[in-house]
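J.: Using full-length UniProt numbering, the letters of the sequence shown correspond one by one to residues 1 to 714.
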Amino acid sequence: MDWDCPCSAFLIDKIALLERRISQLEDKRVASVEKTDIPESIEKRPARRTRGANAIVSSDSVKAILSAAPLARQVAVSTLPRKSFSGVETLVIGDSVTRKVRLHSPATVICLPGARAPDIEAKLRVLTCGETSYGVRLDAPNTDISFDNIVVHVGTNDARARQTEVANPTHPVGQDGVLPNRMVNSDATLLEFKAISLVELERVIKASKPTTCVLDPLPSRVLKDLFPTVGPVILLLMNLSFSTGIVPSNFKAAVLKPLLKKPGLDPELVRNYRPISNLPFLSKVLERIVAKQIVDYLARNNLFEPFQSGFRNFHSTETAITRVVNDILLALDKNTSTMLVMLDLSAAFDTIDHSTLLHRLEHYVGFGGTALGWLESYLTDRTQFVLHEGAESKHCKLRFGVPQGSVLGPLLFAIYMLPLGDVIRGFGISFHCYADDTQLYIPVDSGDSAQIQKVESCLAAVKGWMSQNFLQLNSGKTELMIIGSKRDREKFEDVSLWLDGFAIPQSASVRNLGVLFDPQLCFDQHIRSITRIAFFHLRNIARIRSMLSEVDAETLIHAFVSSRLDYCNALFSGLPNSTIKSLQLVHNAAARLLTRTRKFDHITPILASLHWLPITFRSDFKVLLLTYKALHGLSPLYLKDLIIPYSPSRSLRSSGAGLLSLPKVKKKSAGQRAFAYRAPFLWNRLPSAIREADSVELFKGKLKTHLYNLAFGV
1 MDWDCPCSAF LIDKIALLER RISQLEDKRV ASVEKTDIPE SIEKRPARRT RGANAIVSSD
61 SVKAILSAAP LARQVAVSTL PRKSFSGVET LVIGDSVTRK VRLHSPATVI CLPGARAPDI
121 EAKLRVLTCG ETSYGVRLDA PNTDISFDNI VVHVGTNDAR ARQTEVANPT HPVGQDGVLP
181 NRMVNSDATL LEFKAISLVE LERVIKASKP TTCVLDPLPS RVLKDLFPTV GPVILLLMNL
241 SFSTGIVPSN FKAAVLKPLL KKPGLDPELV RNYRPISNLP FLSKVLERIV AKQIVDYLAR
301 NNLFEPFQSG FRNFHSTETA ITRVVNDILL ALDKNTSTML VMLDLSAAFD TIDHSTLLHR
361 LEHYVGFGGT ALGWLESYLT DRTQFVLHEG AESKHCKLRF GVPQGSVLGP LLFAIYMLPL
421 GDVIRGFGIS FHCYADDTQL YIPVDSGDSA QIQKVESCLA AVKGWMSQNF LQLNSGKTEL
481 MIIGSKRDRE KFEDVSLWLD GFAIPQSASV RNLGVLFDPQ LCFDQHIRSI TRIAFFHLRN
541 IARIRSMLSE VDAETLIHAF VSSRLDYCNA LFSGLPNSTI KSLQLVHNAA ARLLTRTRKF
601 DHITPILASL HWLPITFRSD FKVLLLTYKA LHGLSPLYLK DLIIPYSPSR SLRSSGAGLL
661 SLPKVKKKSA GQRAFAYRAP FLWNRLPSAI READSVELFK GKLKTHLYNL AFGV
């Protein structure tokens, strides 16, 4: 069942006949006046005046050109924000270093996705008692592997249901010594994917980004425009795939696009690239339909890991960081330090074992029938290749892993990692996951070595579980931080964790989902980093401000500056003004650049005219928005659990006012900054008309007006 069948090709030729045309490439950079659209009547006037050898150009013509040039530049540059922000970056700072370096050959890059997987397999073969291939699990009889009093139990049942989990004395284990499946005694099953209607298909296609792959039979924009004609054929293909449990072979091919993992990495080293799969447009539409049904099923039956925030509705890095910081601040409020461990996985998406994943789907979350068959078809016989400047690598089969850049890949990875939460929970250690980023944290006392040993035992169990599931925990990149007061941290100066004979030293700062953590959790380093990057972008935008309209300039400022000020800004609520002063300076500079006002003009009227809230009010706005969503089921349960409705002991007028209970805390610098305190503190001060808003948009509008009046004294 292929999309590129003769029938499909005939239909496409009938609708849009392929014609060969020679296009003239235009330089998009606006570098000089002659590359702008100056009116033709003005542009040709000097030419007519200078036909004589000694003719002098009219001064009026020169003035006309000079006056028309700024407007022409503005029109040309104004299209860049709508087309590509990278175009603006190229315009103001030129080509980046990575673009100047010669790209590796496709033959070299094609080895990237599986380059480390065979090496990981070789290292894990000792633990797995002689794995022979990626598609076949253990052949050995039941085996116990010891990790410092932590026992890895390996059982073999049938070809698909061979289970490998980690157990310790605190885990509830079954009779065979293996962690029980999550689906035991559960009636929840997903046996088939439901057929969709033409209206649903059109809705999904219209909501999809119009990205086009070289494997697409026609551009995605053309497909959207021609949907009334080709829609029934596509619908037939999609529903046929669901009913048969077979994914079209053309949908399982990918063109790899290597991207640098971080801007500062050496572009000459292949290992510094992340292989992103460019997939056919319709394959991603098919995946998006399946992903929605899977997510609805998992959410309906509470099968998601509660502390996994990746690729889930109402979950984000911001909600994850908010919960982690809340727990640490409450520990600081009790004069208790916290040990934070940031785990690092090597090539996590590329080393997933397909048979283990299928076992998780069947026995851990209850997939079966054609639904399981469809996912098995999706994973098998996948191919990929690299295409660059006309050179094409060989087509390689994907024997393991899920494609990065796909819709289903991250969701399948989250299902693959489900047992990890049970492993960590067995040690009584708090944790949070976002995709393949996992962090552990636990309160510690200076004289209690048992807590440190517990963390080391947990790391050993996690390492063992990952080894049995073809995931490699990178001990060298795992980070450790002790968060507490300066006096308490002095007692932990010599503390380090040991993992596989490798000492994990303490770090002065760690980057946690884009936020820089410091040992006192005051976010000084994070704020300095934001300030430096924001001013860098403001300087670049200032270089082309004269060529931008106010609307386009505001678009760029919001994209490159305001987005950084607002990312995880709920963490700034409750911080002293001296700490966030630099962020307000960035905010003020952005407002002056947009309105073209002088440096020493009073900033309050400028911010008021733009309706830009000051930084303190923006952070409070984010806390209140998260609170509203938590109260209305639009946020993760781990945030909703932190806020408790106020219930007075006797009947009062405030009983039905929608207030929240305010927990008792000791320190303004710790407990009063925690979301569990800050949310009810700010919420209870809102007028009831705002708290009782019927929708998120209505709440945001009323809240913005309320905070605007408070900020500017309206």
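Idealized CB from N, CA, C, for every residue including glycine.
Determine contact between the region 575-592 and the region 610-628, defined as no fewer than three beta-carbon pairs at a distance below 8 angstroms.
T.: Segments in contact, yes.
J.: Counting pairs of beta carbons, one from the region 684-693 and one from the region 355-369, are three or more of them closer than 8 angstroms?
T.: No, the region 684-693 is not in contact with the region 355-369.
J.: Let me know the alpha helix (DSSP H) ranges lying completely inside the region 406-440, each 4 residues or longer, listed in chain order.
T.: If we require 4 residues or more, the alpha helix (DSSP H) runs fully inside the region 406-440 come out as 408-416 and 418-425.
J.: Who are the Cβ neighbours of residue 283 in its own chain at under 6 angstroms, not counting the five residues just before and after it?
T.: Walking along the sequence shown from the start, residue 283 turns up at place 283. Counting only Cβ-Cβ distances below 6 angstroms, and skipping sequence neighbours, we find 251.
J.: Look at the alpha carbon of residue 491 and the alpha carbon of residue 332, and state the distance between them as a whole number of angstroms.
T.: Against the sequence shown, residue 491 aligns to sequence position 491. Against the sequence shown, residue 332 aligns to sequence position 332. Approximately 15 angstroms between the Cα atoms of the pair.
J.: Just verifying my parser: in three-state terms, what is the DSSP assignment at residue 645?
T.: In the sequence shown, counting from the first residue as 1, residue 645 sits at position 645. Residue 645 falls in the strand class under three-state DSSP.
J.: Report the three-state DSSP secondary structure of residue 663 (helix, strand or coil).
T.: Looking up residue 663 in the sequence shown gives position 663. Looking at residue 663 - three-state DSSP - the assignment turns out to be coil, as it is neither helix nor strand.
J.: For residue 685 versus residue 574, is the C-beta spacing smaller than 7 angstroms?
T.: If you number the sequence shown from 1, residue 685 lands on position 685. If you number the sequence shown from 1, residue 574 lands on position 574. No.
J.: Since residue 298 contacts residue 304 with CB under 8 angstroms, what's their CB separation in whole angstroms?
T.: Residue mapping note: residue 298 aligns to position 298 of the sequence shown, counting from 1. Residue mapping note: residue 304 aligns to position 304 of the sequence shown, counting from 1. The Cβ separation is near 5 angstroms, so the contact holds.
J.: So the beta strand (DSSP E) residue 709 belongs to, where does it begin and stop?
T.: One-based indexing of the sequence shown puts residue 709 at position 709. Where residue 709 is concerned, there is no enclosing beta strand (DSSP E), although the alpha helix (DSSP H) it sits in stretches over 696-712.
J.: Would you list, in sequence order, the uninterrupted beta strand (DSSP E) runs of no fewer than 3 residues that lie entirely inside the region 201-231?
T.: Entirely contained in the region 201-231, not one beta strand (DSSP E) run reaches 3 residues.
J.: Per DSSP, what kind of secondary structure is residue 531 in: helix, strand or coil?
T.: Here residue 531 is taken as the residue at index 531 of the sequence shown, counted from 1. DSSP places residue 531 in helix when its eight states are reduced to three.
J.: Quick one: what's got a C-beta closer than 8 angstroms to residue 309's C-beta in the same chain, skipping five residues either side?
T.: Indexing the sequence shown from 1 puts residue 309 at position 309. Contacts found: 315, 316, 317, 319, 320, 432, 433, 434 and 636.
J.: Are there 16 or more other CB atoms within 10 angstroms of the CB of residue 210, so buried, or fewer, so exposed?
T.: Numbered from its first residue, the sequence shown carries residue 210 at position 210. So residue 210 counts as exposed.
J.: Between residue 673 and the rest of its own chain, which residues show a CB-CB distance below 6 angstroms, the 5 nearest in sequence each way excluded?
T.: Counted from its first residue, the sequence shown places residue 673 at position 673. So the qualifying residues of the chain are 329 and 574.
J.: Grab me the residues of residue 293's own chain with a C-beta within less than 7 angstroms of its C-beta, minus the 5 sequence neighbours each way, in chain order.
T.: Here the question's residue 293 lines up with position 293 in the sequence shown. Cβ neighbours of residue 293 beyond the five flanking positions: 193 and 194.
J.: By a C-beta neighbour count over all protein chains shown, 10 Å radius and 16 as the cutoff for buried, is residue 455 buried or exposed?
T.: Walking along the sequence shown from the start, residue 455 turns up at place 455. With 16 or more Cβ atoms within 10 Å of its Cβ, residue 455 is classed as buried.
J.: The alpha helix (DSSP H) with residue 587 in it runs from where to where?
T.: Against the sequence shown, residue 587 aligns to sequence position 587. It spans 577-595 - the alpha helix (DSSP H) in which residue 587 sits, taken as one unbroken run.
J.: Identify the residues that DSSP records as bridge partners of residue 388: which are they?
T.: Here the question's residue 388 lines up with position 388 in the sequence shown. 391, per the DSSP bridge assignment.
J.: For the beta strand (DSSP E) holding residue 277, just list the boundary residues, first then last.
T.: For the purposes of this step, residue 277 is taken as residue 277 along the sequence shown, with counting starting at 1. Per DSSP, residue 277 belongs to the beta strand (DSSP E) from 273-278.
J.: Which term fits residue 343, buried or exposed, when burial requires 16 or more other beta carbons within 10 angstroms of its beta carbon?
T.: In the sequence shown, residue 343 corresponds to position 343, counting from 1. With 16 or more other Cβ atoms within 10 Å, it is buried.
J.: What residues match up with residue 479 in a beta bridge as DSSP calls it?
T.: Working through the sequence shown from its first residue, we reach residue 479 at position 479. According to DSSP, which records beta bridges pairwise, residue 479 is partnered with 342.
J.: Enumerate, from N- to C-terminal direction, the unbroken beta strand (DSSP E) stretches of 3 or more residues contained entirely within the region 282-346.
T.: Taking only runs of at least 3 residues, the beta strand (DSSP E) segments lying wholly in the region 282-346 are 337-343.
J.: Which residue's Cα is closest to the Cα of residue 247: 591, 373 and 634?
T.: Walking along the sequence shown from the start, residue 247 turns up at place 247. When only C-alpha atoms are compared, the closest one is 373.
J.: Grouping DSSP H, G and I as helix and E and B as strand, with all else coil, what is residue 380?
T.: What you label residue 380 is simply residue 380 of the sequence shown in a count that begins at 1. Residue 380: coil per DSSP, three-state reduction.
J.: Output needed for residue 716: all residues of its chain with C-beta closer than 8 angstroms, excluding positions within five of it in sequence on either side, in chain order.
T.: This structure gives no information on residue 716, because the portion of the chain shown stretches from 1 to 714.
J.: Let me know the secondary structure DSSP gives residue 472 once reduced to three states.
T.: For the purposes of this step, residue 472 is taken as the residue at position 472 of the sequence shown. The answer is strand: DSSP assigns residue 472 an E or B state.
J.: If you drop the 5 nearest sequence neighbours on each side, which residues of the same chain put their C-beta closer than 6 angstroms to that of residue 480?
T.: Within the sequence shown, the letter at position 480 stands for residue 480. Cβ neighbours of residue 480 beyond the five flanking positions: 341, 497, 504 and 506.
J.: May I have the straight-line CA-CA distance separating residue 555 from residue 531, to the nearest angstrom?
T.: As a first step, residue 555 must be located in the sequence shown, where it is residue number 555. As a first step, residue 531 must be located in the sequence shown, where it is residue number 531. When rounded, the distance between both Cα atoms is 19 angstroms.
J.: Note the first and the last residue of the continuous beta strand (DSSP E) segment covering residue 190.
T.: Here residue 190 refers to the residue found at position 190 when the sequence shown is read from its first residue. Element bounds for residue 190: n/a, residue is neither H nor E.
J.: Quick test of your reading: residue 642 and residue 675, contact by CB under 8 angstroms. State the CB separation rounded to the nearest angstrom.
T.: Mapped onto the sequence shown, residue 642 falls at position 642. Mapped onto the sequence shown, residue 675 falls at position 675. Indeed they touch by this definition, with Cβ atoms about 6 angstroms apart.
J.: For residue 638, I'd like the list of residues in its chain whose CB is within less than 7 angstroms of its CB, leaving aside the five on either flank, ordered along the chain.
T.: Residue mapping note: residue 638 aligns to position 638 of the sequence shown, counting from 1. So the list reads 306, 307 and 323, once near-sequence residues are dropped.
J.: So residue 406 and residue 277 are in contact, right, with Cβ under 8 angstroms, and what is the actual spacing, rounded?
T.: One-based indexing of the sequence shown puts residue 406 at position 406. One-based indexing of the sequence shown puts residue 277 at position 277. Indeed, because the Cβ distance is near 6 angstroms, the residues count as touching under 8 angstroms.
J.: Have a look at 592, 697, 425 and 189 and flag the residue whose alpha-carbon is nearest the alpha-carbon of residue 300.
T.: Residue 300 sits at position 300 when you count from the first residue of the sequence shown. Taking only the C-alpha atoms, the option nearest residue 300 is 189.
J.: Is the distance from the Cβ of residue 379 to the Cβ of residue 354 below 7 angstroms?
T.: Sequence index remark: in the sequence shown, residue 379 carries index 379 (1-based). Sequence index remark: in the sequence shown, residue 354 carries index 354 (1-based). Their beta carbons are under 7 angstroms apart, which means residue 379 touches residue 354 by this criterion.
J.: When we look at the beta-carbon of residue 253 and count the other beta-carbons within 10 Å, is it buried (16 or more) or exposed?
T.: For this step, residue 253 is matched to residue 253 along the sequence shown. By the 10 Å Cβ count, residue 253 comes out buried.
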